[in-house]
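Visitor: I have a structure here, written as structure tokens, and I will follow up with some questions on it.
In the numbering used here, the protein residues as written are 1315 to 1539.
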């Protein structure tokens, strides 16, 4: 799951990003409101954490702008302010939740899980396809034969594929969603991770194939007996 973090205090941003990455989120960090708006307009994010007081454009203005454009990405607002009027303004602008600094990281994680569940993108912790189960909570894939845990990016790739069975997902889509649209990582990293996944699926006896659509991308299909 990819999160945009917009916080102009670098130390705070680094601390939040480190916690999110430890919890297996992919994080893009920006430090002003204009960059936050530009990144969110790509439509690549499953959630956003916006500080209200930022240079160039404040968090509430960013929020109003994306809502005006019909973007329903879940948003948590962060601020040092605790006045009721600020909370009301943020919620009225379309925020899904609100946290006042200082806050506990555990609370931020709980709120983030809550708003992304409400968004409906993760409706079940377990995705099933053919004889394969993918547990979103533990990053584990399993069959009746065996189970094993996936690395972060392996999990994200397989989740994208299993959430869209039979649908081709392009290499660019994988790169944008998992590595970030401005990443300088080489495109062939996608092929490398597909290779890792194929080996792990084979190891646990999954009746699932990751097929390459030459020059386009990849899709999953169930094996036929």
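Backbone N, C-alpha and C fix where the C-beta goes; we use that ideal spot for every residue, glycine too.
Evaluate the contact criterion for the region 1362–1374 versus the region 1315–1328: three or more CB pairs, one atom per stretch, below 8 Å.
Guide: They touch, by the three-pair rule.
Visitor: Is it true that the CB of residue 1408 sits closer than 8 Å to the CB of residue 1381?
Guide: Yes, they are a contact pair.
Visitor: Rounded to whole angstroms, what is the Cα-Cα separation between residue 1377 and residue 1536?
Guide: In a straight line, the C-alpha of residue 1377 is about 41 Å away from that of residue 1536.
Visitor: Check the C-beta distance from residue 1359 over to residue 1317 and give it rounded, since I have them as a contact under 8 Å.
Guide: Contact flag correct, Cβ pair sits at about 6 Å.
Visitor: Would DSSP call residue 1532 helix, strand or coil?
Guide: Note: residue 1532 maps to strand in three-state DSSP.
Visitor: Taking just the CA atoms, how far does residue 1470 sit from residue 1348?
Guide: If you take the alpha carbons of residue 1348 and residue 1470, they lie about 28 Å apart.
Visitor: What did DSSP end up calling residue 1519 once you bin it into helix, strand or coil?
Guide: Note: residue 1519 maps to coil in three-state DSSP.
Visitor: Let's test the definition: count the other Cβ atoms within 10 Å of the Cβ of residue 1406 and tell me whether it reaches 16, buried, or not, exposed.
Guide: By the 10 Å Cβ count, residue 1406 comes out exposed.
Visitor: Quick one: what's residue 1510 bridged to in DSSP?
Guide: According to DSSP, residue 1510 bridges with nothing at all.
Visitor: By DSSP's criteria, residue 1480 is part of a beta bridge. Which residues make up the other side?
Guide: For residue 1480, which the question treats as bridged, DSSP gives no partner whatsoever.
Visitor: If you follow the beta strand (DSSP E) that residue 1442 is part of, which residue opens it and which one closes it?
Guide: Where residue 1442 is concerned, the enclosing beta strand (DSSP E) stretches over 1440–1443.
Visitor: At 4 residues or longer, what runs of the alpha helix (DSSP H) sit wholly inside the region 1362–1410?
Guide: Entirely contained in the region 1362–1410, the alpha helix (DSSP H) runs reaching 4 residues are, in chain order, 1373–1382, 1398–1406.
Visitor: Residues in its own chain within less than 8 Å of residue 1480 by CB, not counting five upstream and five downstream?
Guide: Cβ neighbours of residue 1480 beyond the five flanking positions: 1533, 1534, 1535.
Visitor: With DSSP as the reference, label residue 1316 as helix, strand or coil.
Guide: DSSP places residue 1316 in strand when its eight states are reduced to three.
Visitor: In the DSSP assignment, what are the bridge partners of residue 1449?
Guide: DSSP lists 1440, 1454 as partners of residue 1449.
Visitor: Using only the alpha-carbon positions, how far apart do residue 1461 and residue 1518 sit?
Guide: Between residue 1461 and residue 1518, the C-alpha separation is close to 6 Å.
Visitor: When DSSP labels each residue in this structure, what does residue 1414 get in the three-state scheme?
Guide: Residue 1414 falls in the strand class under three-state DSSP.
Visitor: Return the CA-CA distance between residue 1401 and residue 1412, expressed in angstroms with no decimal places.
Guide: About 7 Å.
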